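One structure is given here, and the rest of the page talks about it.
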Amino acid sequence: MTPAGLQQRIEASFARQGLMRVIEARVTEVAPGRCVIEAPFRKTLTQQHGFLHAGVLTMLADNACGYAALTLLPPEQEVLTAELKVNFLRPARGVLAIARAEVLKPGRTLTVARAEVWMRMEDGAETLCAAMQATLVPSLTQ
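The sequence shown runs 88 to 229 under this note's numbering.
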């Protein structure tokens, strides 16, 4: 698939995810085995201490891993998360959450991917806040 076709496939799937619209997330990079998703910091997405909620970090990382895996699958297949583990490393504060994912091991039945979620500060500096490893499985399109 061409780079433009790959981008179009991922963006079409991403557009069907209502929750990603709620958090104003967007796909900013797609390449074979890689995906980057960003979402702005919003007070409506924080936990009780004012940090971006762990659930938001998790769903950004999960989606980035899933789309990184999807870039390596044929058009008739989709992908589902079978398992994931997240380590929360620092409080998520800043202006932009950035989930960067890459496939570690593609496979016919299982694909392993990892993502890091960084928070960008107003001055452009970035802080690593979470790391995820996920196992994904192919599924047929519906």
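Heads up, the beta-carbon is just placed ideally off N, CA and C, and yes, glycines get one too. Every value quoted in this text rests on a predicted model; they were computed, and no experiment measured them.
Discussion item. Just to confirm the assignment: which complete beta strand (DSSP E) runs, minimum length 3, are found wholly within the stretch 147 to 224?
Written reply: The stretch 147 to 224 contains these whole beta strand (DSSP E) runs: 164 to 175, 183 to 192 and 198 to 207.
Worksheet item: Can you name, in chain order, every residue of its own chain whose Cβ lies under 6 Å from the Cβ of Q164, other than the five neighbours on each side?
Response: Cβ within range, chain order: P225.
Item to complete: State the DSSP-derived secondary structure class of T131, mapped to helix, strand or coil.
Response: Note: T131 maps to helix in three-state DSSP.
Discussion item. I'd like the span of the beta strand (DSSP E) that includes A112, first residue to last.
Written reply: Taken as a continuous stretch (DSSP letters only), A112 belongs to no beta strand (DSSP E), as it is neither H nor E.
Practice prompt. Please confirm if the stretch 173 to 181 is in contact with the stretch 100 to 111, defined as three or more CB-CB distances below 8 Å between the two stretches.
Written response: With a cut-off of 8 Å, the stretch 100 to 111 and the stretch 173 to 181 do not count as touching, because too few Cβ pairs lie within range.
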